[in-house]
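Colleague: Attaching a single structure in structure tokens format; questions to follow.
Number of protein chains: 2
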Amino acid sequence: MSQLDAGALVEEITSKVIARLQILQDPAQIVLGVSNRHVHLSHDDLKTLFGLDELALYRKVRQPGEFAAEQFVTVHGPKKSFQKVRVMGPCRAKSQVELSRTDCYTLGVKAPVLQSGHLDEAAPIDIEGPLGRIHLEHGALVAARHVHMSPSGARELGLADQDTVSVEFGGLRGGRLDNFIIRVKDDFIPEIHLDTDEANGIGALQGDFGRLIKE
Amino acid sequence: MSQLDAGALVEEITSKVIARLQILQDPAQIVLGVSNRHVHLSHDDLKTLFGLDELALYRKVRQPGEFAAEQFVTVHGPKKSFQKVRVMGPCRAKSQVELSRTDCYTLGVKAPVLQSGHLDEAAPIDIEGPLGRIHLEHGALVAARHVHMSPSGARELGLADQDTVSVEFGGLRGGRLDNFIIRVKDDFIPEIHLDTDEANGIGALQGDFGRLIKE
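Sequence lines, in order, name chains A and B. In terms of the numbering used here, the first sequence opens at residue 8 and continues consecutively. In terms of the numbering used here, the second sequence opens at residue 8 and continues consecutively.
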């Protein structure tokens, strides 16, 4: 590496570190997690599809206790199917399939935008595993945008569970997305959650930062 | 229909018409066109792929002279292919493939966000038709957000060709997207263009209205 290159490199690293420090000092700047299509299973449905009592850990994710499982399923819609859809652990009270709107068009599923676990209006969908296939009459949803935070993090921002905020993202495809639901729980780590349509549409990647704005 | 239902219906129609009239009276409210993945072909490439001198009209689109052609192609990326990708007419100086970021991940194509026709940095991609297959070394792009308007429409909004604006969309998944490029031409009809990721991400449909905001 030439002397000139080293100087430019030091300059670039310095300004990147400073920019990141400025972000870290602003509690309204929160890291982004992008959710690809995935499935949560109840213990009963896990037993039916895989003959297992528990999911196997593949990789931890940012929220404590949550993980990507080793298990994959096939998700069947009226028009098409997706193979190798990741199951996320641990097991939930009810099984659900989280899709992007693009996924919904591909599958032919008319899933509404809902908060995770609020399944009364979720769309019908089928899930297939190595040992069987189940039909969920209310199982498919497009996850509503949300931001995880701890009670102290929420207090610092003057926010409470189920409040809504906007989030601004920079970059060539940047902008402001509205109606993020604040979700507060003792062990939550601050994290903005978008699905792939939203992240691709706003040009943001896993690990980028967004800035919360009160609505 | 009962008397009560008719009254509610009249009320609903009235308020929808009033809301639409208010939108029509605001020149900053512009209708949205959502672009699915599509291909433009040069005359030479049309000849190679289809043995044709001209594309056949399938359906006109909003911009005068532009149309969806009867012709479909297969688009090949390193990872996967899309069959039945619509060709849009008329022929252009150079062939290009417009993809969403989601499409890029599926195909395994690393296409940058570019203005249509600005192909110097576009990604390599293959197109197959009934009579042959071509390789474009610079052919695949994710179309930059843009807004079409006539010179008089631009003047009314105090805008000029290649200016950038933001656009706000309402609804559950609403927000503000930045960096739309203003494109002015004599026969352009006012129209906001988004790709499917952007439209799905912001929860907007073809025919919805967005409101222009100067940056």
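Don't be surprised by glycine CBs; every beta carbon is placed ideally from N, CA and C.
If the cut is a Cβ gap below 7 angstroms, which residues of chain B does E205 (chain A) touch?
Modeller: G208
Colleague: For chain B, find out if any of its Cβ atoms is closer than 8 angstroms to the Cβ of L184 (chain A); answer yes or no.
Modeller: yes
Colleague: If contacts are defined as beta-carbon pairs under 8 angstroms, then E175 (chain A) and V38 (chain A) qualify, I think. What distance do you get, rounded to the angstrom?
Modeller: Rounded to the nearest angstrom, the Cβ distance from E175 (chain A) to V38 (chain A) is 14 angstroms, too far for a contact under 8 angstroms.
Colleague: If I'm right that L219 (chain B) touches E205 (chain B) with Cβ under 8 angstroms, what's the distance once you round it to whole angstroms?
Modeller: About 15 angstroms separates the two Cβ atoms, so there is no contact after all.
Colleague: Can you tell me whether D51 (chain B) is buried or exposed? The criterion is at least 16 other CB atoms within 10 Å of its CB, across all chains shown.
Modeller: Classification of D51 (chain B): exposed, given that the 10 Å Cβ count is below 16.
Colleague: Closest to E222 (chain A) by CA distance: which of A:S173, A:I209 and A:Q36 is it?
Modeller: Comparing Cα positions, the closest option is A:S173.
Colleague: S102 (chain A): which of A:Q90, A:R140, A:S88 and A:K67 sits nearest, CA to CA?
Modeller: A:R140
Colleague: Output the distance between the C-alpha atoms of A161 (chain A) and G217 (chain A), rounded to the nearest integer angstrom.
Modeller: 16 angstroms
Colleague: Could you name the residues of chain B that T109 (chain A) contacts, counting a contact when the two beta carbons are closer than 8 angstroms?
Modeller: Per Cβ cutoff of 8 angstroms: S107, T109, T203, D204 and N207.
Colleague: Three-state secondary structure (DSSP) at Q70 (chain A)?
Modeller: coil
Colleague: Are the CB atoms of V46 (chain A) and V116 (chain A) within a distance shorter than 8 angstroms?
Modeller: No. Outside cutoff.
Colleague: Closest Cβ-Cβ distance between G72 (chain A) and chain B: below 8 angstroms?
Modeller: no
Colleague: How many angstroms separate the CA atom of E61 (chain A) from the CA atom of S49 (chain A)?
Modeller: 10 angstroms
Colleague: Between the region 154 to 182 of chain B and chain A, which residues of the former have a C-beta closer than 8 angstroms to a C-beta of the latter?
Modeller: Result list: S173, L179, R180, G181 and G182.
Colleague: For E222 (chain A), name the three-state secondary structure that DSSP assigns.
Modeller: coil
Colleague: Could you pull the start and end residues of the beta strand (DSSP E) that R44 (chain B) belongs to?
Modeller: No beta strand (DSSP E) contains R44 (chain B), which DSSP labels as neither H nor E.
Colleague: Along chain A, which residues have their Cβ under 9 angstroms away from the Cβ of V120 (chain B)?
Modeller: Neighbours of V120 (chain B) on chain A, chain order: L179, R180 and G210.
Colleague: Below 7 angstroms CB to CB, which residues in the same chain sit around R108 (chain B) once its five sequence neighbours on both sides are set aside?
Modeller: For R108 (chain B), the CB contacts under 7 angstroms within the same chain, skipping 5 residues up- and downstream, are V149 and D204 in chain order.
Colleague: Taking Cβ to Cβ, would you say V94 (chain A) is nearer than 8 angstroms to V80 (chain A)?
Modeller: yes
Colleague: Using the Cα positions of R152 (chain A) and G146 (chain A), report the straight-line distance between them to the nearest angstrom.
Modeller: 18 angstroms
Colleague: Taking just the CA atoms, how far does A100 (chain B) sit from D12 (chain B)?
Modeller: 56 angstroms
Colleague: Quick one: residues in its chain with C-beta nearer than 8 angstroms to the C-beta of L126 (chain B), no 5 flanking neighbours on either side, listed in chain order?
Modeller: K101, Q103, H145, G146 and L148
Colleague: Could you check what DSSP says for E18 (chain B) in three-state terms: helix, strand or coil?
Modeller: helix
Colleague: What number of angstroms, rounded off, separates the C-alpha of G177 (chain A) from the C-alpha of N207 (chain A)?
Modeller: 13 angstroms
Colleague: Counting only runs that start and end within the region 49 to 135 of chain A, where is the beta strand (DSSP E) found for 3 or more residues in a row?
Modeller: 64 to 67, 74 to 83, 88 to 96 and 103 to 105
Colleague: Is it the case that the Cβ atoms of P137 (chain B) and F57 (chain B) are separated by a distance below 8 angstroms?
Modeller: yes
Colleague: With burial defined as no fewer than 16 other Cβ atoms inside 10 Å of the residue's Cβ, what is the status of V191 (chain A): buried or exposed?
Modeller: Buried, by the Cβ-count rule.
Colleague: With a threshold of 6 angstroms on Cβ separation, who are the neighbours of A130 (chain B) within its own chain once the five nearest residues in sequence on each side are excluded?
Modeller: Leaving aside the five residues that flank A130 (chain B) on each side, the residues in its chain whose CB is nearer than 6 angstroms to its CB run, in chain order, V116, K117, A118 and A147.
Colleague: Return the Cβ separation of G181 (chain B) and G210 (chain B) in integer angstroms, given the expectation that the two are a contact with Cβ distance under 8 angstroms.
Modeller: 6 angstroms
Colleague: Which same chain residues, not among the five before or five after G165 (chain A), have their C-beta less than 8 angstroms away from its C-beta?
Modeller: K221
Colleague: Answer with yes or no whether the minimum CB distance from D52 (chain B) to chain D is below 8 angstroms.
Modeller: In summary, chain D is missing from the structure at hand, where the protein chains are A and B.
Colleague: Determine the closest residue to I196 (chain A) out of A:Y65, A:E73, A:L16 and A:L53, with distance taken between C-alpha atoms.
Modeller: A:E73
Colleague: Per DSSP, what are the beta-bridge partners of D198 (chain A) in this structure?
Modeller: Sequence check: residue 198 (chain A) is Glu here, not Asp. Within the DSSP bridge table, the entry for E198 (chain A) names A:H155 as partners.
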